[in-house]
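The sequence shown maps to residues 1 to 346 in UniProt numbering.
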Amino acid sequence: MANFNGTNDPELYEGTDGNDTILGADGDDTLKGRKGNDSLLGGNDDDALFGNAGHDTIRGNSGNDTIKGGAGHDALFGVGGENQIFGEDGRDTIQGGNGADLIDGGADDDVIDGGSGSDIILGRGGDDDIQGGDNLDSIKGGTGNDTISGGNRSDTLKGNAGDDLISGDDDSDLLYGNGGADTLQSDEGRDVLEGGDGDDLLEGGTEGDDLRGGKGNDTLYGEYEAGLEPSDDLAEIDTLRGNAGDDLIFGARGNDLIDGGLGNDTMTGGDGFDTFIFFDGEDVITDFTKGDDLISLEGISGISSFQDILDAAEQDGVDTVLTFGDDILRLEGVDLSTLTEDDFAF
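So this is what it looks like as structure tokens:
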């Protein structure tokens with residue numbers, strides 16, 4: 001075990017194989033911990049701090065520091081400045097601090113908090129828990145099942161190969177699930193949620209969001225909140241696109257644009273004046289309301305009049321079924337005789 005105190009000149013301080021405490025000072029210092037469970041504290045200038053082996057605690061200071069945890073389960077703190085922080089191997093806890101930091105969690109399951117600056121955060125390996133904090137952050141998860149939260153301001157949040165939970169929080173955010181069966185959650189702000197590959201769950205927030213399911217069999221909620229009650233405020237317009245796959249789409253409250261895309265989709269508009277887009281597959285609309293909702297058939301070829309729609313329609317029990325070649329649209333609980341040209345766009 002050893003203690004090292006720096007001077008005001010640039011210095012190299014290297015510890016022993018024991019548990020060392022190394023303190024930088026003014027000057028651009030390099031602090032190396034070696035094998036023990038070390039404590040490293042940078043000074044006021046731009047320092048390089050390396051924990052190497054062992055479970056280390058490393059703190060930068062007011063400069064723009066480079067911090068590398070090395071092997072072991074490390075606690076790394078950027079404090080002030082614009083820092084580059086690398087967890088490397090081990091289950092690390094990383095906090096960025098006040099500046100615009102670059103944080104790379106490295107291998108294993110890390111807990112990362114970007115702090116108050118505009119940060120770039122990379123999860124890498126393991127099941128990471130990443131919080132962007134205040135300001136405009138860019139976060140990308142790694143190969144594990146990550147939990148990612150943007151925090152305040154407008155963030156860009158990306159999952160990766162795992163089954164990720166991604167939350168936008170305040171302001172207008174961009175959320176991308178990429179691979180895996182992901183859960184994407186909006187909150188306040190006008191957010192874009194894109195599921196990517198996998199069977200994803202996309203939950204819109206309190207304002208007008210843009211939800212895109214991607215390739216899997218996805219479930220989309222235009223506005224999701226436990227215990228949510230219908231509201232008279234229907235001004236917020238969500239856009240929900242299932243894309244490929246057999247999707248379940250719920251508009252909830254608001255005037256929504258719902259497009260099932262490819263595949264066999266089930267669409268529910270909820271409250272408000274909703275527009276349903278149909279052009280492919282065998283889709284179901286569960287709550288079409290005559291006089292309020294609209295069905296767009298503009299992607300179906302050969303329709304030039306309302307009579308063409310009637311020729312494709314038949315009553316099937318309490319439902320109306322429209323058949324256009326191999327593509328079928330079922331309107332649950334709708335009496336064919338009540339439909340008019342005003343219910344369609346073509």
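The beta-carbon is built from N, C-alpha and C at its ideal position, and this holds for glycine as well.
Remember, predicted model here, so these are calculated numbers, not experimental data.
Residue pairing for arginine 241: DSSP places it in a beta bridge opposite Arg212 and Asp259. Put simply, the stretch 260–267 does not touch the stretch 298–318. Fewer than three CB pairs are less than 8 Å apart. In the three-state scheme derived from DSSP, where H, G and I count as helix and E and B as strand, leucine 184 is classed as strand.
Counting only unbroken stretches of 3 or more residues, the beta strand (DSSP E) elements lying wholly within the stretch 36–120 are 39–41, 48–50, 57–59, 66–68, 75–77, 84–86, 93–95, 102–104 and 111–113, in sequence order.
About 7 Å separates the Cβ atoms of aspartate 89 and glycine 70, confirming a contact at the 8 Å cut-off. In the three-state scheme derived from DSSP, where H, G and I count as helix and E and B as strand, phenylalanine 273 is classed as coil. For the 8 Å CB-CB criterion, aspartate 128 and glycine 151 do not form a contact. For isoleucine 309, the enclosing alpha helix (DSSP H) begins and ends at 306–311. Comparing C-alpha distances from aspartate 29 to each of Thr147, Gly272 and Leu41 shows the shortest one belongs to Leu41. Considering only Asp292, Ile328 and Gly254, the residue with the shortest C-alpha distance to aspartate 210 is Gly254.
Annotation: the continuous beta strand (DSSP E) that includes phenylalanine 324 extends over 319–324. The beta-carbon distance between glycine 54 and asparagine 37, rounded to whole angstroms, is 5 Å. This is short enough to meet the 8 Å contact definition.
Rounded to whole angstroms, the separation of the alpha carbons of aspartate 265 and serine 154 is 32 Å. Taking C-alpha positions only, aspartate 246 is separated from isoleucine 309 by approximately 24 Å.
According to DSSP, residue pairing for glutamate 194 in a beta bridge involves Tyr176 and Arg212.
Residue Ala181 holds the alpha-carbon nearest to the alpha-carbon of asparagine 145 among Ile121, Ala181 and Leu175. Annotation: the continuous beta strand (DSSP E) that includes lysine 32 extends over 30–32.
If you draw a straight line from the Cα of aspartate 109 to the Cα of threonine 239, it comes to about 35 Å. Straight through space, the alpha carbons of serine 296 and phenylalanine 344 are spaced by roughly 6 Å. Distances from the CA of threonine 275 to each of Val192, Glu203 and Glu298 were compared; the closest alpha carbon is that of Glu298.
Between aspartate 101 and isoleucine 85, the gap from beta carbon to beta carbon is short of 8 Å. In this structure, DSSP gives leucine 336 a helical state, which the three-state scheme calls helix. Aspartate 129 carries a strand assignment under DSSP once its states are collapsed to helix, strand and coil.
Distances from the CA of serine 138 to each of Asp311, Gly115 and Asp256 were compared; the closest alpha carbon is that of Gly115.
Within its own chain, the residues whose Cβ lies closer than 6 Å to the Cβ of threonine 147, once the five positions on either side in sequence are excluded, are Asp129 and Leu165, listed in chain order. DSSP, reduced to helix, strand and coil, places glutamate 341 within a helical segment of the structure shown.
The residues Gly333, in chain order, have a CB closer than 6 Å to that of valine 318 in the same chain once the five nearest residues on each side in sequence are set aside.
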